[in-house]
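Chains as they are written, first to last, in the working numbering: chain A, 1 to 206; chain B, 1 to 102.
What follows is one structure encoded as structure tokens, with my remarks underneath.
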Amino acid sequence: MTDQFAYPADREKSSADRVAALEHLLIEKGVITAATVEKVLSYFESEMTPLNGKKIVVKAWTDPDFAARVVDDTPAALAELDLPEGMAGAEGEHLQAVANVPGVHNVVICTLCSCFPWPVLGLPPYWYKDPVFRARAAREPRTVLAEVGVALPEDTEIKVWDSSGHSRWFVIPERPSGTEDLTDAELMDLVTTESMIGVALAGQPA
Amino acid sequence: MTLHSTCTTDQAAPSFDHEWQRRAFGLALALSEFGHYPWSEFQQSLIDTIGAWETSTDPGRGEWQYYDHWVSALEHVVKQRELLTKPLATDDGDHAVADDHH
């Protein structure tokens, strides 16, 4: 897979130059400052991370009423939680949770532009943005899931959710069995970004 | 099993492969956050850019590289909004003052 994504050095430099030139002009014209860009980036990098998604999933695992509400009206349910300011900002305003239950497994893709629920999952892994992954996951999700180690029973329905400007889907994975005695912190360790995209199951307790 | 060695997304922060990708990301986000365009407009520009690449039959269209599309989409919105030719007045906090685009 890596070779396919080999990146020519000259193109790399060209892209870097384009960004530098654009930023330089925007600063020179007084549209924005470097400090502002850095401030936004820092906030994003420190607050808009998968930690938010983990908190949401664990809350859903431990509070059945919340589990129902988060699927029914995701933004309203998230507003109940102590999550960072700005959750409703870029890419967050149309968050929509879907829950895995016995017999139904959800997978999130984006065939348009790789929109991603940043506020709850952070930045997408780069394979998520790969057209081959997106196309195959839409066409043959069961095969793709099996390839990445999620072998689902034949009678399990797979629902593929295509993110868009209007709905940024994320998955509430099933709570693993044998986790009744775990603390919230221990449960959070079992929730991975992959499991919230639906390309993995939640981890098993050690 | 993971999809790829880079698929270790449980770290607490998002990561970029290159600093220019980070800057491009930050610029697009900051310009939107500070009122120069609604996020949906950048989103649509990105959709259009990627759509054009995916439907292109030009053998010279180049390999897939997500952040190249991101940069193109950003350049497009900056041009559409005439941010470089007619910069909006900003207040002391870098926020764009209300303009007639909205």
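Don't be surprised by glycine CBs; every beta carbon is placed ideally from N, CA and C.
Fair warning: this is a prediction, and the values are worked out from it, not measured in the lab.
* **Beta-carbon contacts of Ile50/B that lie in its chain and below 7 Å, excluding the five residues immediately before and after** => His69
* How is the alpha helix (DSSP H) around Ala28/B delimited, first residue to last? -> Glu19 to Glu33
* Asked: Under the three-state reduction of DSSP, which class applies to His105/A: helix, strand or coil?
  -> strand
* Would you call Gln21/B buried or exposed, if buried means 16 or more other Cβ atoms sit within 10 Å of its Cβ? -> buried
* To do: With Glu45/A as the anchor, note down where its alpha helix (DSSP H) starts and where it stops.
  => Its alpha helix (DSSP H) spans residues Ala34 to Glu47.
* Would you call the CB atoms of Val108/A and Ile197/A closer than 7 Å? -> yes
* Taking 7 Å as the CB-CB cut-off, is Pro131/A touching chain B? -> yes
* Taking the alpha helix (DSSP H) that Ala73/B falls in, what are its first and last residues? -> Tyr66 to Gln80
* Quick one: Cα of Leu84/B to Cα of Pro125/A, how far? -> 32 Å
* To do: May I have the straight-line CA-CA distance separating Ala88/A from Thr49/A, to the nearest angstrom?
  => Unreliable positioning characterises Ala88/A in this predicted model, as indicated by a pLDDT of 49, which lies under 50. The coordinate reading is nonetheless provided below. If you take the alpha carbons of Ala88/A and Thr49/A, they lie about 14 Å apart.
* Asked: Of the residues His94/A, Pro119/A and Ala77/A, which one's Cα is nearest the Cα of Glu47/A?
  -> Pro119/A
* To do: Would you kindly work out how many angstroms separate the C-alpha atoms of Ser195/A and Ala73/B, rounded to a whole number?
  => 30 Å
* Residue from Leu22/A, Leu95/A, Asn52/A and Ala99/A whose Cα sits closest to the Cα of Ala67/A -> Ala99/A
* To do: Starting from Ala30/B, find everything on chain A with Cβ-Cβ shorter than 7 Å and list it in chain order.
  => Ile32, Thr36, Val37 and Val40
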